[in-house]
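Protein chains: 2
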Amino acid sequence: MQVEIITIGDEILIGQIIDTNSAWIAQQLNAIGIHVKQVSSVADYPADIIVALTLASGRADVVLVTGGLGPTKDDVTKQTLAAYFDCGLRRDAKVLAHVESIFARSARPMLEINRRQADVLDKCDVLFNEMGTAPGMWVSHKGKTYIIMPGVPFEMKHIMLERVIPRLKQFEDRKPLWHHTILTGGIGESYLAEKIADIEAALPHHIHLAYLPKPGIVRLRLSATGGDLNALKAETTTIVQQIKQRIGIHFLAGEDTSLEQLIRDFMQQRGLLLATAESCTGGNIAKLITALPGSSSMFEGSAVTYSNAMKMKLLDVKQETLDSHGAVSEQTVREMALGAQRNFKVDYAIAVSGIAGPDGGTPEKPVGLVWIAVAGKTQVAAHGYLFGHDRAINIDRSSMAALFMLWQILNAEHK
Amino acid sequence: MQVEIITIGDEILIGQIIDTNSAWIAQQLNAIGIHVKQVSSVADYPADIIVALTLASGRADVVLVTGGLGPTKDDVTKQTLAAYFDCGLRRDAKVLAHVESIFARSARPMLEINRRQADVLDKCDVLFNEMGTAPGMWVSHKGKTYIIMPGVPFEMKHIMLERVIPRLKQFEDRKPLWHHTILTGGIGESYLAEKIADIEAALPHHIHLAYLPKPGIVRLRLSATGGDLNALKAETTTIVQQIKQRIGIHFLAGEDTSLEQLIRDFMQQRGLLLATAESCTGGNIAKLITALPGSSSMFEGSAVTYSNAMKMKLLDVKQETLDSHGAVSEQTVREMALGAQRNFKVDYAIAVSGIAGPDGGTPEKPVGLVWIAVAGKTQVAAHGYLFGHDRAINIDRSSMAALFMLWQILNAEHK
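Taken in order, these protein sequences are the chains called S and W. If you read the first sequence in the working numbering, its first letter stands for residue 7, the second for the next number, and so on. If you read the second sequence in the working numbering, its first letter stands for residue 7, the second for the next number, and so on.
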């Protein structure tokens with residue numbers, strides 16, 4: 007079964023809002039084995055809407071439409087839909103009572119524009135919307151199914167979960183579809199692809215591998231279709247194991263999680279404490295960890311020491327180390343990590359110092375040079391990296407490289 | 007001139023990523039008077055890509071394509087494009103040298119898969135990509151213009167800003183369109199709308215006002231179309247002045263900037279130094295400031311003190327203060343701010359302590375309670391806030407509220 011999504015509204019086309027609805031809808035449909043073939047965003051113009059409906063219904067069995075049903079836009083979209091489906095509009099008594107009850111509660115005056123929210127296509131099944139005034143509509147037309155919903159995300163989600171998904175589940179010809187995501191770290195997309203080239207080449211035709219890179223992290227997604235769902239799960243699990251064996255420490259998890267979540271769980275379970283000493287990452291590592299609920303059980307804090315004076319005061323970095331090696335050096339990050347470990351009284355400490363750019367580089371220490379140290383129970387590991395010229399990406403890559411170094415040491419010290 | 011955007015990649019269609027590129031591209035195009043007619047997201051299948059290109063070029067003069075150009079996807083998309091444009095691929099020497107220099111720098115081995123990144127459509131103008139290995143391509147074909155870019159957001163943005171926008175600006179038939187953005191802070195969207203309701207109601211038909219809220223910050227965008235560009239600029243400038251007078255301190259800037267940039271510039275120009283003492287924001291304020299180039303000239307660092315022990319050690323918070331008032335209290339944040347100001351030897355210090363959630367609340371101190379203090383030259387201001395239940399939003403709102411308090415005091419102390 008093929009599905010397409012059409013979003014109606016100028017907001018997306020002028021870049022005022024980002025279309026988060028389509029991704030959410032696609033996830034929900036994927037979870038029940040329905041594949042989205044295309045997403046189209048069109049403006050609130052009748053001709054554009056009709057062309058989009060015509061093309062989408064030519065390619066797909068089911069067309070989901072969101073947007074264009076708010077009180078100020080009501081007329082264009084609904085009239086256009088009525089023309090497309092060659093039907094009229096009727097005022098639905100149950101929806102009208104619901105709209106009236108909403109206005110009665112809010113004590114706002116109810117206008118004719120609001121009453122028109124209760125007008126629905128006369129050949130539709132109403133998809134009742136408890137969360138707002140614009141109902142959804144389910145239309146069967148010339149052998150195709152159209153599902154029309156408001157664009158407000160929480161209203162759309164409510165209608166999808168309560169009305170649409172249960173009904174789509176009854177369609178017989180859903181194709182089993184299974185996704186298995188792998189999180190990898192400390193290895194670039196190309197190098198990873200080379201390492202598993204033979205595994206990828208040997209994939210059967212019904213299993214597809216996708217690379218989803220972010221700075222410092224690559225997700226791999228296996229998508230399997232056809233046949234029996236349990237067979238697909240077994241097949242992808244075998245492939246995940248092959249990849250795991252092949253890439254070793256770079257295999258972080260056989261699920262869609264994050265490196266900071268893995269570290270939080272690992273340290274929380276073992277009662278280990280972490281602190282960070284951050285210069286060029288400027289608190290970003292602390293921010294990533296503290297974004298996670300429950301991180302206070304394993305995270306003591308961070309010394310964000312942008313100045314040399316603070317590196318000495320908070321982390322006991324020696325004046326002579328800074329004088330002879332500079333702030334961006336192996337010696338300095340080692341002292342920062344040990345200082346953080348001692349002063350914060352933690353088991354593990356991360357230290358980062360680098361030149362994030364765009365300025366501040368020298369021939370010996372160019373923009374993108376970053377030193378990272380991790381103090382563990384039995385060792386202090388330190389490593390120098392040469393990233394690129396973009397400040398934001400250097401901060402992201404430094405943060406992920408530091409977390410990956412910590413992850414390696416955590417695993418080595420807790421076998 | 008009509009433009010369409012096509013995004014290529016399964017990731018969007020299975021809901022794994024949200025398409026943020028299209029909104030960003032649409033914003034950039036709008037700013038130079040170019041209207042986006044439709045956005046289509048299609049899978050990495052040759053037939054789908056070719057149909058999308060055919061349909062889009064039938065409706066629009068310019069087709070922007072993003073995605074499908076990473077090293078592991080290279081073959082499908084580029085071969086499909088070559089078929090569509092009825093041309094071959096050639097290995098571009100300049101791009102190859104660039105790819106090689108990236109690999110030389112990183113000391114990773116360069117593979118054939120990486121070399122293939124330098125293969126471009128032989129009838130294209132290369133849109134050089136300093137930020138990555140996949141170049142963009144500009145193709146003129148049967149009277150239409152095609153602009154093909156990688157989907158990685160920072161690479162696409164770089165190519166758009168450096169190569170595509172300047173060239174599109176030379177197209178003659180753009181419609182005069184003028185956007186003027188205002189940054190406001192410390193005031194919610196509804197309250198702001200109420201304050202300027204009469205100004206909004208009096209706007210002429212060709213000027214549209216949009217609210218673009220983020221946690222703690224609302225941008226207002228005036229969009230004016232038609233007639234003469236200089237007349238549009240004069241009209242919007244008058245309206246901006248009306249809004250500025252009306253909302254006073256909540257008017258941060260008559261341009262699209264950020265509060266942290268305003269603070270960096272203000273402090274840099276006056277030689278003032280800042281430090282932060284962060285508990286529930288976990289380093290997020292430091293991260294926001296250090297994300298800005300040049301912030302090292304005004305930012306000394308941050309003590310991210312998640313534990314009480316660290317609040318005492320790094321910020322000299324008194325044991326008795328924590329015992330009698332708790333970590334989330336006016337007294338504690340005042341001591342944190344003064345401790346940071348003293349220990350970091352700075353002119354201004356921000357302190358934040360709160361319960362970000364989702365757990366950790368009590369009847370007296372519920373989730374969402376956040377205390378913020380700012381130590382200035384002549385005063386320590388402190389204020390308690392009650393935000394919501396979402397951890398990420400609480401961290402964002404706390405950060406922006408703290409920066410807004412700092413902004414107010416900076417302005418009050420430097421009249």
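By construction, the Cβ of each residue, glycine as well, lies at the ideal position given by its N, Cα and C atoms.
For the putative contact between residue i and residue j, defined by C-beta atoms under 8 angstroms, what is the C-beta separation to the nearest angstrom?
| i | j | result |
| --- | --- | --- |
| S/Gly307 | W/Tyr312 | 5 angstroms |
| S/Ile356 | S/Ile249 | In fact, because the Cβ distance is near 28 angstroms, the residues do not count as touching under 8 angstroms. |
| S/Asn349 | S/Leu328 | Contact flag wrong, Cβ pair sits at about 17 angstroms. |
| S/Arg65 | S/Gln33 | Rounded, the Cβ-Cβ distance is 21 angstroms, inconsistent with contact. |
| W/Lys371 | W/Val339 | The pair is not a contact, with the Cβ atoms about 13 angstroms apart (cut-off 8 angstroms). |
| S/Leu87 | S/Leu127 | 6 angstroms |
| W/Val68 | W/Met7 | 7 angstroms |
| S/Met19 | W/Val42 | Note on identity: in this sequence residue 19 of chain S is Leu, with Met being the wrong assignment. So it is a contact: roughly 5 angstroms between Cβ atoms. |
Which stretch, first to last residue, makes up the alpha helix (DSSP H) that contains residue i?
| i | result |
| --- | --- |
| W/His104 | 99 to 112 |
| S/Met318 | 314 to 321 |
| W/Leu412 | 397 to 419 |
| W/Arg340 | 336 to 349 |
| W/Glu370 | Looking at the DSSP string, W/Glu370 is not in any alpha helix (DSSP H), and its letter there is neither H nor E. |
| W/Glu241 | 235 to 253 |
| S/Ser285 | Segment: none, S/Ser285 is in no alpha helix (DSSP H) and carries neither H nor E. |
| W/Arg122 | Premise fails: W/Arg122 is in no alpha helix (DSSP H) and is neither H nor E. |
| S/Ile18 | 16 to 19 |
| W/Gln34 | 27 to 37 |
According to DSSP, is residue i part of a helix, a strand, or is it coil?
| i | result |
| --- | --- |
| S/Gln385 | coil |
| W/His164 | helix |
| S/Phe272 | helix |
| W/Glu261 | coil |
| S/Phe305 | strand |
| W/His214 | strand |
| W/Leu5 | In the structure as shown, chain W begins at 7 and stops at 421. Residue 5 of chain W is therefore absent and cannot be evaluated. |
| S/Lys201 | helix |
| S/Val170 | helix |
| S/Asp80 | In this prediction, S/Asp80 scores a pLDDT of 48, lower than 50, which makes its location untrustworthy; the coordinate-derived value is nonetheless stated afterwards. Three-state result, S/Asp80: helix. |
| S/Leu392 | strand |
| S/Ile55 | helix |
| W/Thr311 | strand |
| S/Leu87 | helix |
| S/Pro156 | coil |
| W/Leu117 | coil |
| W/Leu61 | helix |
| S/Ala379 | strand |
| S/Ala49 | coil |
| W/Glu266 | helix |
| W/Glu206 | helix |
| S/Glu136 | coil |
Considering just the uninterrupted stretch of the beta strand (DSSP E) at residue i, what are its terminal residues?
| i | result |
| --- | --- |
| S/Thr187 | 183 to 191 |
| S/Thr327 | First-last for S/Thr327: 325 to 331, but that is the alpha helix (DSSP H), not the beta strand (DSSP E). |
| S/Arg227 | 223 to 231 |
| W/Ile356 | 354 to 360 |
Would you list the one or two residues that DSSP bridges to residue i?
| i | result |
| --- | --- |
| S/Glu10 | S/Gln44, S/Val69 |
| S/His147 | S/Lys150 |
| S/Asp131 | S/Trp144 |
| W/Lys175 | In the DSSP output, where bridge partners are listed per residue, W/Lys175 has none listed. |
| W/Arg96 | W/Val126 |
| W/Pro219 | W/Val224 |
| S/Ala281 | S/Gly307, S/Ala355 |
Answer yes or no: the CB of residue i versus the heavy atoms of the ligand SAM, is any distance below 6 angstroms?
| i | result |
| --- | --- |
| S/Lys421 | Ligands in the displayed structure: none, and consequently the ligand SAM is not present. |
Give a yes or no on whether 7 angstroms exceeds the smallest Cβ distance from residue i to chain B.
| i | result |
| --- | --- |
| S/Tyr90 | In the structure shown, chain B does not exist; the protein chains are S and W. |
Practice problem: Determine contact between the region 210 to 218 of chain S and the region 266 to 283 of chain S, defined as no fewer than three beta-carbon pairs at a distance below 8 angstroms. | Solution: Judged by Cβ distances under 8 angstroms, the region 210 to 218 of chain S makes no contact with the region 266 to 283 of chain S, as fewer than three pairs qualify.
Quiz item: Is the region 181 to 190 of chain S touching the region 228 to 236 of chain S, taking contact as three or more C-beta pairs under 8 angstroms?
Solution: Short answer: they touch.
Exercise. Examine the Cβ distances between the region 259 to 272 of chain W and the region 291 to 302 of chain W and report whether three or more of them are shorter than 8 angstroms.
Key: Output reads yes: the region 291 to 302 of chain W touches the region 259 to 272 of chain W.
Exercise. Mind the definition here: the region 45 to 55 of chain S touches the region 98 to 108 of chain S only if three or more C-beta pairs lie below 8 angstroms; say whether that holds.
Key: No contact exists between the region 45 to 55 of chain S and the region 98 to 108 of chain S.
Quiz prompt | Touching by the beta-carbon criterion (3+ pairs, under 8 angstroms), the region 149 to 160 of chain S and the region 23 to 41 of chain S | solution = As far as the Cβ criterion goes, the region 149 to 160 of chain S touches the region 23 to 41 of chain S, which means the pair count is three or higher.
Quiz item: Does the region 400 to 412 of chain S touch the region 235 to 254 of chain S, meaning 3 or more C-beta pairs lie closer than 8 angstroms?
Solution: Taking one beta carbon from each stretch, the region 235 to 254 of chain S and the region 400 to 412 of chain S have fewer than 3 pairs nearer than 8 angstroms; the two do not touch.
Exercise. Please confirm if the region 149 to 156 of chain W is in contact with the region 186 to 202 of chain W, defined as three or more CB-CB distances below 8 angstroms between the two stretches.
Key: Short answer: they don't touch.
Self-check item: the region 282 to 291 of chain W in contact with the region 382 to 401 of chain W per 3-pair CB rule at 8 angstroms
Solution: Output reads yes: the region 382 to 401 of chain W touches the region 282 to 291 of chain W.
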